[in-house]
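Let me begin by presenting the structure, written as structure tokens, before commenting on it.
Residue numbers (the numbering used here): 7 to 83.
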């Protein structure tokens, strides 16, 4: 009789622990309210990325490759 009482109390304690953990996890999942984020600058700073230089080099390289390919095709024919 004593063993069955221990098993029952262990089961109830375990079930209570599982329920407590299951119902408390959504409380931790709630995030704190934000502060609204940073305020934007009145005038955005200009970008310092030289897109024009890289694009023109890429274009010049592709034109040179295309011309070279056309020249090789004409010489084979």
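Note that the Cβ used here is the ideal one computed from N, Cα and C, for glycine as well.
- Assignment of residue 15 by DSSP, reduced to helix, strand and coil, places it in the helix class.
- Pairing residue 81 with residue 75, the inter-Cα distance amounts to about 10 angstroms.
- Residue 21 and residue 15 have their C-alpha atoms some 10 angstroms from each other.
- Our two residues, residue 30 and residue 37, have alpha carbons roughly 14 angstroms apart in a direct line.
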